[in-house]
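K.L.:
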Ligand SMILES: Nc1ncnc2c1ncn2[C@@H]1O[C@H](COP(=O)(O)OP(=O)(O)O)[C@@H](O)[C@H]1O
Ligand SMILES: [Mg+2]
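Protein chains in written order, with our numbering: chain A, 5 to 296; chain B, 21 to 260.
1) At a Cβ threshold of 8 Å, is residue 184 (chain A) touching chain B?
2) Where does residue 118 (chain B) land, buried or exposed, given buried means 16+ other C-beta within 10 angstroms?
3) For residue 181 (chain A), which residues in chain B fall below 7 Å Cβ to Cβ?
4) Would you list the residues sitting across from residue 153 (chain B) in a DSSP beta bridge?
5) Kindly identify the DSSP beta-bridge partner or partners of residue 43 (chain A).
6) Quick one: grab the DSSP three-state call for residue 245 (chain B).
7) Checking the sheet assignment: what are the DSSP bridge partners for residue 11 (chain B)?
8) What are the complete alpha helix (DSSP H) segments, minimum 4 residues, inside the region 66-100 of chain B?
9) Candidates B:82, B:141 and B:211: which alpha carbon is nearest residue 62 (chain B)'s?
10) Please list, in chain order, all residues with a C-beta atom less than 6 Å from at least one heavy atom of ligand 1.
11) In three-state terms, what does DSSP make of residue 145 (chain B)?
12) Which same chain residues, not among the five before or five after residue 261 (chain A), have their C-beta less than 7 Å away from its C-beta?
13) Under 8 Å, Cβ to Cβ, is there at least one residue of chain B near residue 89 (chain A)?
14) Would you grab the beta carbon distance between residue 135 (chain B) and residue 146 (chain B) for me? Rounded to a whole angstrom, and I think it's under 8 Å.
15) Could you give the residue range of the alpha helix (DSSP H) that holds residue 180 (chain B)?
16) May I ask you to check if the CB of residue 180 (chain A) is nearer than 7 Å to at least one heavy atom of ligand 2?
17) Determine the burial state of residue 135 (chain A): buried for a count of at least 16 other Cβ atoms within 10 Å of its Cβ, exposed for fewer.
18) Find out if the Cβ-Cβ distance for the pair residue 65 (chain B), residue 27 (chain B) is shorter than 8 Å.
19) Nearest-angstrom Cα distance between residue 94 (chain A) and residue 88 (chain A)?
20) With a Cβ-Cβ cutoff of 8 Å, do residue 208 (chain A) and residue 80 (chain A) count as a contact?
21) By how many angstroms is the C-alpha of residue 139 (chain A) removed from the C-alpha of residue 275 (chain A)?
22) Could you give the DSSP three-state label for residue 139 (chain A): helix, strand or coil?
23) Is any heavy atom in ligand 2 found nearer than 7 Å to the beta carbon of residue 161 (chain B)?
24) How many Å lie between residue 113 (chain A) and residue 129 (chain A) at the Cα?
25) Measuring only from the beta carbon, is residue 213 (chain B) closer than 7 Å to any heavy atom that is part of ligand 2?
26) Candidates B:236, B:107, B:154 and B:172: which alpha carbon is nearest residue 96 (chain B)'s?
27) How many angstroms separate the CA atom of residue 137 (chain A) from the CA atom of residue 101 (chain A)?
28) Just to make sure I have the definition right: I need the residues of chain A whose C-beta is within less than 7 Å of the C-beta of residue 97 (chain B). Which are they?
29) Would residue 223 (chain B) pass as an interface residue toward chain A - the criterion being a Cβ-Cβ separation below 8 Å?
30) Taking only the alpha-carbon atoms, compute the straight-line gap between residue 194 (chain A) and residue 46 (chain A) and give it to the nearest angstrom.
31) Give me the chain A residues within the contact set of residue 178 (chain B), using Cβ-Cβ distance strictly less than 9 Å, ordered along the chain.
32) Mind listing the chain B neighbours of residue 1 (chain A)? Cutoff is C-beta to C-beta under 9 Å, in chain order.
33) How should residue 13 (chain A) be labelled, buried or exposed, when 16 other C-beta atoms within 10 angstroms of its C-beta is the threshold for buried?
34) By the criterion of Cβ-Cβ separation under 7 Å, what are the contact partners of residue 66 (chain B) in chain A?
35) Mapping DSSP to helix, strand and coil, what is residue 72 (chain A)?
36) Cβ of residue 24 (chain B) within 8 Å of Cβ of residue 67 (chain B)?
The following block contains the structure:
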């Protein structure tokens, strides 16, 4: 039973970081109408920025987290400017493909700078264990859970209780109508891009400190998970993404625990297929906004 | 207010050299069959579609001010509000939130809330549904919401794009009264309608657009006779 609860805890922690990553992806799709395929590579770049800041400057989470968020926001803005904005008018596919190219570029820059091998990620909070029943809660895990939940709560408040959040939702729903009421949809898009990319940075720092390791090739499987969570949760629902992220984290952890780690990604793919076939609008029934 | 306006979508020349003027306190109707370019013209005035030649200006206290080069948000700040075709409510947002977005340019949360409360009083149906998502409203309620949302900033100019579209006759009655009230308050009303019965009854002045060109400019009363409008629609210049 302890093994089960240990897996449940670990899966929850990992799932929260998935949710943070996926929400950024979803936000960008909702507001900019673009599948931002370089979002996972921004995650990777963020992880390595966090690694560099901690090894070169130090300071732990209070320094590494904001620094990474700023770096990722900057990368996101660059991707928006270079790959998305110039192609936005041409077609739905062009900007998405350009972001794939951007992602390859970002990943290769990381590899050129730091090499292709995984690095061990330094602890950002003092290592310590908490025993609850038979379950070990590591300080990095507790920290990831707390920070992840706080970030999501903050995002939920931003989207649902502020004027800017209303501008984000109005822009996602009907950009033309939003503009007619004085909303600068360009500014909303750019800000959303920065914010969502910063979320990828948060997810990277949290997940890397939980795993204690970081690889420039984490992007692929994480990208799929982000996509799965977006599709399953439906669009722009913070709580839905949270739930799906945690469910995904828990299920895949239990699966690797009781079946075999080799099936983890197969499971994610199967889940995506099943949901797409059974509920094309997502489990929570929100219609995915189709952009013209 | 609009002079020599042209709108093109790629090869489609949707609005051709149209000039028209709408005045405060009066209802100006813009009529025409489906595809005549009415929505294109309204959207161009709002700044949502680019124009290809022509002038758009607003005259306040005798001083004309060109808006031709301004963005849609800048035109909203200049006092133009649009009730878009098909209502264009924000479906996932509540009635209250839709109104708050309408009042996006008002300063301060309190000002927005106060104005929204005023309008919810004025539109009791919406008041009852304040916390419902707009997508859950009936067509008539959505139309009321689209109008109330556009009234949030007390605009100088109201552009209404087929507000009677798809509504039951009783509901159209309500919409008519509301539009009358808006004009009575001294607002410029430019009303686009395809089903022109209601529009002619409401309007002081009427323009008829056909295949992108103006084919009538005169008294609304002059069009009320049976068959006259149909003749105009049919007498449309070829789409060449
Ligand atoms: N976004 C667009 N892209 C291309 N053509 C358009 C677009 N919007 C309208 N049109 C065309 O412009 C013409 C006028 O359309 P519209 O302004 O919607 O007319 P109306 O509102 O009078 O029915 C039509 O031929 C329509 O097909
Ligand atoms: Mg139209």
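Positions of the beta carbon are idealized from the N, C-alpha and C atoms, including for glycine. Please read all numbers here as calculations on a predicted model, not as lab measurements.
P.N.:
Concretely, from the data shown:
1) Here the question's residue 184 (chain A) lines up with position 180 in the first chain. Yes, because at least one Cβ of chain B sits closer than 8 Å to the Cβ of residue 184 (chain A).
2) As a working note, residue 118 (chain B) is residue 98 in the second chain. So residue 118 (chain B) counts as buried.
3) On the first chain, residue 181 (chain A) is found 177 positions in, with the first residue counted as 1. At a beta-carbon threshold of 7 Å, the residues of chain B lying near residue 181 (chain A) are 104 and 108, ordered along the chain.
4) For this step, residue 153 (chain B) is matched to residue 133 along the second chain. Looking at the DSSP output, residue 153 (chain B) shares a beta bridge with B:114.
5) Sequence index remark: in the first chain, residue 43 (chain A) carries index 39 (1-based). Looking at the DSSP assignment, residue 43 (chain A) forms no beta bridge with any residue, so it has no partner.
6) Here residue 245 (chain B) refers to the residue found at position 225 when the second chain is read from its first residue. For residue 245 (chain B), the three-state secondary structure derived from DSSP is coil.
7) The first residue shown for chain B is 21 and the last is 260, placing residue 11 (chain B) beyond what the model contains.
8) Every alpha helix (DSSP H) stretch that sits fully inside the region 66-100 of chain B and reaches 4 residues is listed by chain position as 92-97.
9) For the purposes of this step, residue 62 (chain B) is identified with residue 42 of the second chain, where counting begins at 1. Nearest of B:82, B:141 and B:211 to residue 62 (chain B), Cα basis: B:211.
10) Per the Cβ criterion, the list is B:29, B:32, B:34, B:52, B:54, B:55, B:56, B:57, B:58, B:59 and B:60.
11) Taking the second chain and counting its residues from 1, one reaches residue 145 (chain B) at position 125. In the structure shown, residue 145 (chain B) falls within a helical segment according to DSSP collapsed to helix, strand and coil.
12) Looking up residue 261 (chain A) in the first chain gives position 257. Take residue 261 (chain A), set aside five residues on each side of it, and the residues of its chain with a beta-carbon closer than 7 Å to its own are 7 and 11, in chain order.
13) Stepping through the first chain from its first residue, residue 89 (chain A) is reached at position 85. For residue 89 (chain A), no Cβ of chain B is located within less than 8 Å of the residue's own Cβ.
14) Residue mapping note: residue 135 (chain B) aligns to position 115 of the second chain, counting from 1. Residue mapping note: residue 146 (chain B) aligns to position 126 of the second chain, counting from 1. Contact flag wrong, Cβ pair sits at about 13 Å.
15) Walking along the second chain from the start, residue 180 (chain B) turns up at place 160. Taken as a continuous stretch (DSSP letters only), residue 180 (chain B) belongs to no alpha helix (DSSP H), being part of the beta strand (DSSP E) at 177-181.
16) If you number the first chain from 1, residue 180 (chain A) lands on position 176. Distances from the CB of residue 180 (chain A) to the heavy atoms of ligand 2 are all 7 Å or more.
17) One-based indexing of the first chain puts residue 135 (chain A) at position 131. Result: exposed.
18) By 1-based counting over the second chain, the position of residue 65 (chain B) is 45. By 1-based counting over the second chain, the position of residue 27 (chain B) is 7. At least 8 Å separates the beta-carbon of residue 65 (chain B) from that of residue 27 (chain B).
19) On the first chain, position 90 is the one that residue 94 (chain A) refers to. On the first chain, position 84 is the one that residue 88 (chain A) refers to. Rounded to whole angstroms, the separation of the alpha carbons of residue 88 (chain A) and residue 94 (chain A) is 10 Å.
20) Here residue 208 (chain A) refers to the residue found at position 204 of the first chain. Here residue 80 (chain A) refers to the residue found at position 76 of the first chain. Going by C-beta atoms, residue 208 (chain A) is not nearer than 8 Å to residue 80 (chain A).
21) As a first step, residue 275 (chain A) must be located in the first chain, where it is residue number 271. As a first step, residue 139 (chain A) must be located in the first chain, where it is residue number 135. Approximately 28 Å, taken between the alpha carbons.
22) Position 135 of the first chain, counted from the first residue, corresponds to residue 139 (chain A). DSSP places residue 139 (chain A) within a strand segment (E or B) once states are collapsed to three.
23) In the second chain, counting from the first residue as 1, residue 161 (chain B) sits at position 141. No, the Cβ of residue 161 (chain B) stays beyond 7 Å of every heavy atom of ligand 2.
24) The residue you call residue 113 (chain A) lines up with position 109 of the first chain. The residue you call residue 129 (chain A) lines up with position 125 of the first chain. A straight-line Cα-Cα distance of about 28 Å links residue 113 (chain A) and residue 129 (chain A).
25) Reading the second chain from its first residue, position 193 is the one you call residue 213 (chain B). No - ligand 2 has no heavy atom lying nearer than 7 Å to the Cβ of residue 213 (chain B).
26) Start at 1 with the first residue of the second chain, and residue 96 (chain B) comes out as number 76. Checked all of B:236, B:107, B:154 and B:172; the closest Cα to residue 96 (chain B) is B:172.
27) Taking the first chain and counting its residues from 1, one reaches residue 137 (chain A) at position 133. Taking the first chain and counting its residues from 1, one reaches residue 101 (chain A) at position 97. Near 49 Å, if we compare the C-alpha coordinates of residue 101 (chain A) and residue 137 (chain A).
28) As a first step, residue 97 (chain B) must be located in the second chain, where it is residue number 77. Chain-ordered, the chain A residues with CB closer than 7 Å to the CB of residue 97 (chain B) read 186.
29) Locating residue 223 (chain B) in the second chain gives position 203, counting from the first residue. Residue 223 (chain B) does not count as touching chain A.
30) In the first chain, counting from the first residue as 1, residue 194 (chain A) sits at position 190. In the first chain, counting from the first residue as 1, residue 46 (chain A) sits at position 42. Each residue's alpha carbon lies about 16 Å from the other.
31) In the second chain, the residue the question calls residue 178 (chain B) occupies position 158. Within chain A, no residue comes near residue 178 (chain B); the closest Cβ sits about 12 Å away, beyond 9 Å.
32) Beyond the ends of chain A as shown, which are 5 and 296, falls residue 1 (chain A); an answer cannot be given.
33) Taking the first chain and counting its residues from 1, one reaches residue 13 (chain A) at position 9. Buried, because 16 or more other Cβ atoms sit within 10 Å of the Cβ of residue 13 (chain A).
34) For the purposes of this step, residue 66 (chain B) is taken as the residue at position 46 of the second chain. Correct list: 184.
35) The residue you call residue 72 (chain A) lines up with position 68 of the first chain. Residue 72 (chain A) sits in a helix when the DSSP states are folded into three classes.
36) Residue numbering aside, residue 24 (chain B) sits at position 4 when the second chain is read from its first letter. Residue numbering aside, residue 67 (chain B) sits at position 47 when the second chain is read from its first letter. Taking 8 Å as the Cβ cut-off, residue 24 (chain B) and residue 67 (chain B) do not qualify as a contacting pair.
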